[in-house]
Structures are given as C-alpha cells and as structure tokens.
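Only one structure is covered here, and it is reproduced in the block below.
Put into structure tokens, the structure is as follows:
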C-alpha cells in the first residue's frame with residue numbers, strides 16, 4: 009500500500025515538473041553553446057571585454073574568430089579547425105579564445121575591413137597583432153581550410169608576446 | 009567472415025575517432041551555454057552589439073542582465089527567474105535577452121554604477137530605459153528574488169515602446 013502511494017506521488021511530481029517548465033510553442037530547444045562548433049572542449053570568452061580581461065590576467069594571447077553560421081567558408085574552416093588536435097590543444101593551453109558572429113565597435117579588430125571568416129590575434133598588452141596575417145593580400149586575416157598549417161605557425165608567432173620581445 | 013570483418017572495422021573506426029578528438033588533461037568538459045542558467049529555452053544574444061541589432065530589427069525591447077556566477081544574490085535571483093513561467097514566456101515572445109558576466113564599455117548600461125545582479129532595459133530605438141527601476145534607491149536596477157512580480161510589471165513598462173508613446 010505504502011509502496012503504491014510512493015509510486016503515485018513520484019508520478020505526480022514528475023508530471024507537475026514537466027508541466028511547470030516553460031516550453032516554447034515551437035518545441036523544446038537545444039541551448040546554444042559559446043563554442044558554436046569551433047571546439048567544444050575549449051573555454052570560450054563570451055565578449056571581447058571578457059577576452060581582453062582573461063588575456064591580461066593570464067598573460068596569454070587572445071584569438072578572435074569572426075564568422076557567420078550560414079557562411080560556407082566559415083563552416084569549412086570551422087570543420088578543419090575543430091577537428092585539428094594540434095590547434096585545439098595549443099588553444100586550450102596557451103590562448104584565450106573568442107568567436108563572434110557580430111562585429112564589435114572596436115575598429116582595431118577590422119584592420120582591413122569586416123569580412124568572415126577572419127582571425128585576429130591580440131597580445132596580452134591589449135595590442136591587436138595586425139602584423140600576424142594570412143596568405144591573401146586582399147583579405148589579410150582570412151584563412152582557407154587548406155591554410156591550417158599556416159594558421160598554426162601564426163599561433164606560434166602570437167605566443168611570442170610583445171613584452172618579451174622588447 | 010564478412011560480418012566479423014565489418015565488426016572489426018567498426019571497432020577500429022570507433023577507437024580512432026575517440027583517440028582522434030582532443031580531450032583536456034583535466035578531463036572532458038561540458039560546453040557552456042549562452043543561457044548560463046537564466047532560461048535554457050530562451051534564445052540569448054551573445055554580445056551587446058548582437059542584442060541591439062536583434063532589438064532594432066525585431067522591434068522588441070532588450071533585457072540585459074548583469075550577473076556573476078559565484079555571487080549568491082545573482083544565483084538566488086537566477087533560480088526564481090529561470091523557474092518563473094510568466095517571465096520565461098514573456099521574454100521568449102516579446103523580448104531580446106542578453107546576460108553578461110563582464111561589463112561593457114558602454115556607460116549608459118551602468119546609470120548608477122556597476123553592480124550585480126542588475127537588470128537594464130533598452131528600447132528598440134537603442135535608448136537605455138533608465139526610467140525603469142527596481143525597488144532600491146541605492147541600487148536602482150537591482151532585484152531581489154522577492155521582487156519578481158515587480159520585475160514582471162517593469163517588463164510590461166518596457167514593452168510600451170518609446171516610439172509608440174510619442
């Protein structure tokens with residue numbers, strides 16, 4: 009008898025907690041992650057301000073990725089980027105990472121214009137490393153999927169901090 | 009024989025894909041969501057720029073929540089806020105939402121200083137609604153868990169857009 013009562017109670021609790029939670033009319037959604045597919049195991053900053061703060065306090069360079077979720081060039085780079093172990097490991101251990109789908113108001117982050125995909129490095133001194141460029145003269149901070157080794161060598165450049173070069 | 013071969017191949021694929029993926033030394037992490045616990049079913053903007061853009065283009069007011077993950081006042085408000093069906097439904101249907109753990113450079117978002125938790129409404133005309141305040145004279149944009157009904161009435165105020173009042 010007692011057992012049956014407990015069962016009924018449990019069912020009631022389960023039903024009420026399901027009914028109690030807000031569900032959109034279009035059905036339950038899967039919450040978006042800060043990684044947006046660029047590396048689920050990395051700890052992503054949410055905003056540029058947050059990225060700068062972490063970069064300064066941890067003395068690690070910041071990588072900012074500008075992309076768009078429905079841009080095929082961004083998607084192609086993201087696939088190679090997120091599956092490359094060397095990139096993911098190096099970013100996790102030596103970098104602060106941020107990916108943005110909207111431009112910031114800071115013009116230093118678009119040295120030669122606003123386009124995607126675009127990867128900008130920022131030194132812990134809060135200096136944008138406009139000197140670390142990709143392989144294309146017309147879009148100096150763009151990378152193709154085939155440029156992944158070039159990107160890795162640029163990450164090594166960014167790891168040589170400006171302060172230690174003085 | 010064929011079946012056994014297929015099985016071996018499947019195992020090999022499974023093993024290699026596990027070995028192939030980057031895992032931090034401290035173990036696998038659960039990716040952070042943009043909601044940070046303030047409502048997993050809501051579609052959160054990532055940055056203030058993104059929130060302003062959505063607000064303007066959808067003609068819906070923007071709610072900005074400033075909080076800290078290890079602040080007990082933020083946590084207490086978050087619990088009540090995320091479990092309140094009326095708030096979640098209204099936000100989902102009539103608002104653009106953004107939660108931030110770092111301050112922005114825009115001083116309009118801290119009319120009486122930077123503290124958490126703090127809730128600021130922004131009109132689709134990109135005007136900060138400094139007139140929509142909570143119940144505390146010393147921290148005008150703070151809310152306690154017991155102020156949830158007051159917050160709901162403030163959301164109704166924010167829904168009366170500035171343009172339509174002219």
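Protein chains in written order, with this note's numbering: chain A, 9 to 174; chain B, 9 to 174. Note that CB positions come from ideal geometry on N, CA and C, so glycine has one too.
Checklist entry - What separation, rounded to the nearest whole angstrom, lies between the Cα atoms of residue 64 of chain A and residue 49 of chain B? => result Here residue 64 of chain A refers to the residue found at position 56 of the first chain. Here residue 49 of chain B refers to the residue found at position 41 of the second chain. Their backbone Cα atoms lie some 34 Å apart in a straight line.
Checklist entry - Name the chain A residues that come within less than 7 Å of residue 37 of chain B, Cβ to Cβ? => result Within the second chain, residue 37 of chain B is the residue found at index 29, counting from 1. Below the 7 Å Cβ cutoff, chain A contributes 49 as neighbours of residue 37 of chain B, in chain order.
Checklist entry - From this set, B:36, B:35, B:94 and B:99, which residue's C-alpha is nearest residue 167 of chain B's C-alpha? => result The residue labelled residue 167 of chain B in the question sits at position 159 within the second chain. Taking residue 167 of chain B as reference, the option from B:36, B:35, B:94 and B:99 with the minimal CA-CA separation is B:99.
Item to check | Status (buried if at least 16 other CB within 10 Å, exposed otherwise) for residue 57 of chain B | outcome: Locating residue 57 of chain B in the second chain gives position 49, where the first residue counts as 1. Residue 57 of chain B comes out buried.
Next on the checklist: List, in chain order, every chain A residue whose beta-carbon is nearer than 8 Å to that of residue 162 of chain B.
Outcome noted: Working through the second chain from its first residue, we reach residue 162 of chain B at position 154. Proximity of chain A to residue 162 of chain B at the Cβ level (cut-off 8 Å) is not reached, the minimal Cβ distance being about 19 Å.
Checklist entry - Could you give the residue range of the alpha helix (DSSP H) that holds residue 160 of chain A? => result By 1-based counting over the first chain, the position of residue 160 of chain A is 152. Residue 160 of chain A -> alpha helix (DSSP H) spans 156-167.
Checklist entry - Rounded to a whole number of angstroms, what is the C-alpha to C-alpha distance between residue 120 of chain A and residue 142 of chain A? => result As a first step, residue 120 of chain A is located in the first chain; it is residue number 112 there, counting from the start. As a first step, residue 142 of chain A is located in the first chain; it is residue number 134 there, counting from the start. One C-alpha to the other measures close to 12 Å.
Item to check | Contact the region 111-120 of chain A vs the region 28-48 of chain A: 3+ CB pairs below 8 Å | outcome: Judged by Cβ distances under 8 Å, the region 111-120 of chain A makes no contact with the region 28-48 of chain A, as fewer than three pairs qualify.
Checklist entry - Taking DSSP as the reference, what is the three-state secondary structure of residue 109 of chain B? => result Walking along the second chain from the start, residue 109 of chain B turns up at place 101. Residue 109 of chain B sits in coil when the DSSP states are folded into three classes, being neither helix nor strand.
Checklist entry - Cα-Cα, which of B:152, B:11 and B:29 is closest to residue 89 of chain B? => result Here the question's residue 89 of chain B lines up with position 81 in the second chain. Ranking B:152, B:11 and B:29 by Cα distance to residue 89 of chain B puts B:152 first.
Checklist entry - Where does residue 53 of chain A sit, in a helix, a strand or coil, going by DSSP? => result Position 45 of the first chain, counted from the first residue, corresponds to residue 53 of chain A. The answer is strand: DSSP assigns residue 53 of chain A an E or B state.
Next on the checklist: Out of A:78, A:69 and A:85, which one is the CA nearest neighbour of residue 126 of chain A?
Outcome noted: Here residue 126 of chain A is taken as the residue at index 118 of the first chain, counted from 1. Considering only alpha carbons, the answer is A:85.
Checklist entry - For residue 95 of chain B, which three-state DSSP category applies? => result Residue 95 of chain B sits at position 87 when you count from the first residue of the second chain. It is helical.
Next on the checklist: Short of 7 Å Cβ to Cβ, which residues in the region 72-91 of chain B face chain A?
Outcome noted: Within the region 72-91 of chain B, no residue qualifies.
Item to check | residue 74 of chain B to residue 55 of chain A span [Cα, whole Å] | outcome: Position 66 of the second chain, counted from the start, is the residue given in the question as residue 74 of chain B. Position 47 of the first chain, counted from the start, is the residue given in the question as residue 55 of chain A. Going by C-alpha positions, residue 74 of chain B is about 13 Å away from residue 55 of chain A.
Next on the checklist: DSSP three-state label for residue 88 of chain A, please.
Outcome noted: By one-based count along the first chain, residue 88 of chain A stands at place 80. Residue 88 of chain A: helix per DSSP, three-state reduction.
Checklist entry - Taking the beta strand (DSSP E) that residue 74 of chain A falls in, what are its first and last residues? => result Here residue 74 of chain A refers to the residue found at position 66 of the first chain. Boundaries of the beta strand (DSSP E) harbouring residue 74 of chain A: 70-74, taken from the DSSP string.
Checklist entry - Quick one: is residue 32 of chain A near chain B, going by C-beta distance under 9 Å? => result Position 24 of the first chain, counting from 1, holds the residue named residue 32 of chain A. It does; some Cβ of chain B falls within 9 Å.
Next on the checklist: By the three-class DSSP mapping on this structure, what secondary structure does residue 66 of chain B have?
Outcome noted: Counting from one through the second chain, the residue named residue 66 of chain B turns up at place 58. Here residue 66 of chain B carries a helix assignment [DSSP, helix/strand/coil].
Next on the checklist: I need the boundaries of the beta strand (DSSP E) containing residue 129 of chain A, first residue and last residue.
Outcome noted: Here residue 129 of chain A refers to the residue found at position 121 of the first chain. Looking at the DSSP string, the run of the beta strand (DSSP E) that includes residue 129 of chain A is 126-130.
Checklist entry - Which bits of chain B does residue 171 of chain A rub up against, with CB to CB less than 9 Å? => result Working through the first chain from its first residue, we reach residue 171 of chain A at position 163. Chain B residues near residue 171 of chain A: none, gap ~23 Å exceeds 9 Å.
Item to check | Rounded C-alpha distance that separates residue 129 of chain B from residue 136 of chain A | outcome: As a first step, residue 129 of chain B must be located in the second chain, where it is residue number 121. As a first step, residue 136 of chain A must be located in the first chain, where it is residue number 128. For residue 129 of chain B and residue 136 of chain A, the distance between alpha carbons rounds to 32 Å.
Next on the checklist: Along the region 144-156 of chain A, where does the CB come closer than 9 Å to a CB of chain B? Name the residues.
Outcome noted: Within the region 144-156 of chain A, no residue has a Cβ that lies closer than 9 Å to any Cβ of chain B.
Checklist entry - How long is the line joining the alpha carbons of residue 105 of chain B and residue 97 of chain B, rounded to whole angstroms? => result Here residue 105 of chain B refers to the residue found at position 97 when the second chain is read from its first residue. Here residue 97 of chain B refers to the residue found at position 89 when the second chain is read from its first residue. Between residue 105 of chain B and residue 97 of chain B, the C-alpha separation is close to 12 Å.
Checklist entry - Expressed to the nearest angstrom, what Euclidean distance is found between the alpha-carbon atoms of residue 51 of chain A and residue 41 of chain A? => result What you label residue 51 of chain A is simply residue 43 of the first chain in a count that begins at 1. What you label residue 41 of chain A is simply residue 33 of the first chain in a count that begins at 1. Going by the C-alpha atoms only, they are around 11 Å apart.
Item to check | Contact set between residue 43 of chain B and chain A, taken where Cβ atoms lie within less than 7 Å | outcome: In the second chain, the residue the question calls residue 43 of chain B occupies position 35. Neighbours of residue 43 of chain B in chain A, taken as residues whose beta carbon is under 7 Å from its own, are 39 in chain order.
Checklist entry - Can you list the residues of chain A that residue 70 of chain B reaches, using a CB-CB cut of under 9 Å? => result Taking the second chain and counting its residues from 1, one reaches residue 70 of chain B at position 62. Those within 9 Å of residue 70 of chain B in chain A number zero; the least Cβ separation is about 13 Å.
Item to check | Span separating the alpha-carbon of residue 76 of chain B from that of residue 107 of chain B | outcome: Taking the first residue of the second chain as 1, we reach residue 76 of chain B at position 68. Taking the first residue of the second chain as 1, we reach residue 107 of chain B at position 99. Residue 76 of chain B and residue 107 of chain B: Cα-Cα distance of roughly 10 Å.
Checklist entry - For residue 70 of chain B, which residues of its own chain have a beta-carbon under 6 Å away from its beta-carbon, when the five flanking residues on both sides are left out? => result Here residue 70 of chain B refers to the residue found at position 62 of the second chain. Sequence-distant Cβ neighbours of residue 70 of chain B in its own chain, meaning closer than 6 Å and more than five residues away, are 59, 63, 104 and 130.
Next on the checklist: Using DSSP's beta-bridge definition, name the partner residues of residue 41 of chain B.
Outcome noted: Mapped onto the second chain, residue 41 of chain B falls at position 33. Beta-bridge pairing by DSSP links residue 41 of chain B to A:41.
Checklist entry - According to the neighbour-count rule (16 or more other Cβ atoms, all chains shown, within 10 Å of its Cβ), is residue 172 of chain B buried or exposed? => result For the purposes of this step, residue 172 of chain B is taken as the residue at position 164 of the second chain. It is exposed - the Cβ of residue 172 of chain B has fewer than 16 other Cβ atoms within 10 Å.
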